[in-house]
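Novice:
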Amino acid sequence: MPSAQTELHYKDPFQLLVAVILSAQCTDKRVNMTTPALFQAYPDPQSMAQATPDDLFAYIHSISYPHNKSKHLAAMARTLVEQFGGNVPSDIDQLQQLPGVGRKTANVIASVVFNKPALAVDTHVFRVANRIGLTNNSKSPLQTERELVKHIPEDKLAIAHHWLILHGRYVCQARKPHCPQCGLTTLCKYFKSNESKCQQKQESLPQENKRTKSKDSKD
Ligand code: SF4
158 MPSAQTELHY KDPFQLLVAV ILSAQCTDKR VNMTTPALFQ AYPDPQSMAQ ATPDDLFAYI
218 HSISYPHNKS KHLAAMARTL VEQFGGNVPS DIDQLQQLPG VGRKTANVIA SVVFNKPALA
278 VDTHVFRVAN RIGLTNNSKS PLQTERELVK HIPEDKLAIA HHWLILHGRY VCQARKPHCP
338 QCGLTTLCKY FKSNESKCQQ KQESLPQENK RTKSKDSKD
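Per the numbering used here, residue 158 is the first one in the sequence shown, and the count goes up by one each step.
Encoded structure:
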């Protein structure tokens, strides 16, 4: 299991903002393959604000939704320069005024860059929280965020976000949760209600697999 921090590569708040925008519906690994050349050509908001969406498309065409993301990045950089003096704001509402930045991205920036007590809910956090029973059959990311924020101590929110994401990415995967390799079985609502099925799977595993954590790490 990797350490509990973002797996995106970045050097400053602007680069993290770009990387998080690019990571929507895309793996961190793919984003990390794309950003070095992009950041070399456009290292700051001022240079990216001069770029057209077509200029940016040339660098990000291999990731998901490159047309939309090119437009968002160009407009985001211009807005940063024109309205925020070229600085990434720390306020969640101001962050959401930037093109391409929704609540999840704003929460990531607020917590990772500015250490604010915010919890970003992506697909992994949403699924894992529901399965474990940290949320009560939540129907939306916002509902999940509100329930988790109520129950997780403020100083643990940032790391809880990474714990849940990494658990979802490496163990409690969407199509097939790896319950036999999971350390949370005694606490997990999903496991309790599917215990007999999960135990049958565990018994059918070869001995070596029972000791080895899952390594398939698709996003
Ligand atoms: S026991 Fe299974 S469902 Fe529950 S958190 Fe672990 S992997 Fe996910």
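Backbone N, C-alpha and C fix where the C-beta goes; we use that ideal spot for every residue, glycine too.
Specify the secondary structure class of residue 334 as computed by DSSP and reduced to three states.
Specialist: Locating residue 334 in the sequence shown gives position 177, counting from the first residue. Note: residue 334 maps to strand in three-state DSSP.
Novice: One question on the structure: do residue 331 and residue 276 come within less than 9 Å of each other, judged by their Cβ atoms?
Specialist: Stepping through the sequence shown from its first residue, residue 331 is reached at position 174. Stepping through the sequence shown from its first residue, residue 276 is reached at position 119. In this structure, residue 276 does not lie closer than 9 Å to residue 331 by Cβ.
Novice: Based on DSSP bridge pairs, tell me the residues matched to residue 329.
Specialist: On the sequence shown, residue 329 is found 172 positions in, with the first residue counted as 1. 334.
Novice: Taking the beta carbon of residue 231 as the centre, do at least 16 other beta carbons fall within 10 Å, making it buried, or is it exposed?
Specialist: Translated into the one-based positions of the sequence shown, residue 231 becomes position 74. Classification for residue 231: buried.
Novice: Measure the Cβ-Cβ separation of residue 234 and residue 197 and say whether it is below 9 Å.
Specialist: As a first step, residue 234 must be located in the sequence shown, where it is residue number 77. As a first step, residue 197 must be located in the sequence shown, where it is residue number 40. No, these two residues do not count as a Cβ contact at 9 Å.
Novice: Rounded C-beta distance between residue 377 and residue 282? I'm assuming under 8 Å.
Specialist: Residue 377 lies beyond the range of the chain shown here (158 to 376); nothing can be said about it.
Novice: What is the DSSP secondary structure of residue 244, counted as helix, strand or coil?
Specialist: As a working note, residue 244 is residue 87 in the sequence shown. Three-state result, residue 244: coil.
Novice: Residues in the same chain with beta-carbon distance under 6 Å from residue 182, minus the five sequence neighbours each way, listed in chain order, please.
Specialist: As a working mapping, residue 182 is identified with position 25 in the sequence shown. If we look at residue 182 and ignore the five residues flanking it on each side, its Cβ neighbours are 221.
Novice: Cβ atoms of residue 191 and residue 216: under 9 Å apart, would you say?
Specialist: Here residue 216 refers to the residue found at position 59 of the sequence shown. Here residue 191 refers to the residue found at position 34 of the sequence shown. Result yes, Cβ atoms of residue 216 and residue 191 sit closer than 9 Å.
Novice: Residues near the ligand SF4, CB to any non-hydrogen atom under 7 Å, in chain order?
Specialist: Having a Cβ closer than 7 Å to some heavy atom of the ligand SF4 are 285, 288, 289, 324, 328, 329, 334, 335, 336, 339, 341, 342, 345, 347, 348, 355.
Novice: Could you compute how far the alpha carbon of residue 256 sits from the alpha carbon of residue 172?
Specialist: By 1-based counting over the sequence shown, the position of residue 256 is 99. By 1-based counting over the sequence shown, the position of residue 172 is 15. Going from the Cα of residue 256 to the Cα of residue 172 covers about 15 Å.
Novice: Once you ignore the five residues that flank residue 228 on each side, which residues in its own chain have a CB closer than 7 Å to its CB?
Specialist: As a position in the sequence shown, residue 228 is number 71, starting the count at 1. Same-chain partners within the cutoff: 210.
Novice: Going by C-alpha distance, which of 274, 288, 195 is nearest residue 313?
Specialist: Translated into positions along the sequence shown, residue 313 becomes position 156. The shortest C-alpha separation from residue 313 is found at 274.
Novice: Beta carbon of residue 286, beta carbon of residue 311: below 9 Å?
Specialist: In the sequence shown, the residue the question calls residue 286 occupies position 129. In the sequence shown, the residue the question calls residue 311 occupies position 154. No, they are not a contact pair.
Novice: DSSP three-state call for residue 296: helix, strand or coil?
Specialist: Your numbering for residue 296 matches position 139 in the sequence shown. Correct three-state label for residue 296: coil.
Novice: Need the endpoints of the alpha helix (DSSP H) that residue 271 sits in, please.
Specialist: By one-based count along the sequence shown, residue 271 stands at place 114. Unbroken run through residue 271: none, as it is neither H nor E.
Novice: Whole angstroms is fine: what's the gap from residue 365's alpha carbon to residue 337's?
Specialist: For the purposes of this step, residue 365 is taken as residue 208 along the sequence shown, with counting starting at 1. For the purposes of this step, residue 337 is taken as residue 180 along the sequence shown, with counting starting at 1. Confidence at residue 365 is low in this model, with a pLDDT of 46, below 50, so its placement is unreliable and no value can be given for it.
Novice: Give the straight-line distance between the Cα atoms of residue 180 and residue 188, rounded to the nearest whole angstrom.
Specialist: Position 23 of the sequence shown, counting from 1, holds the residue named residue 180. Position 31 of the sequence shown, counting from 1, holds the residue named residue 188. Answer to the nearest angstrom: the Cα atoms are 6 Å apart.
Novice: Return the residue from the list 264, 185, 242, 184 that minimises the CA-CA distance to residue 278.
Specialist: Here residue 278 is taken as the residue at index 121 of the sequence shown, counted from 1. Closest option to residue 278, Cα to Cα, is 264.
Novice: Would you report the Cα separation of residue 353 and residue 162, rounded to the nearest angstrom?
Specialist: In the sequence shown, residue 353 corresponds to position 196, counting from 1. In the sequence shown, residue 162 corresponds to position 5, counting from 1. Taking the straight line from one Cα to the other gives about 34 Å.
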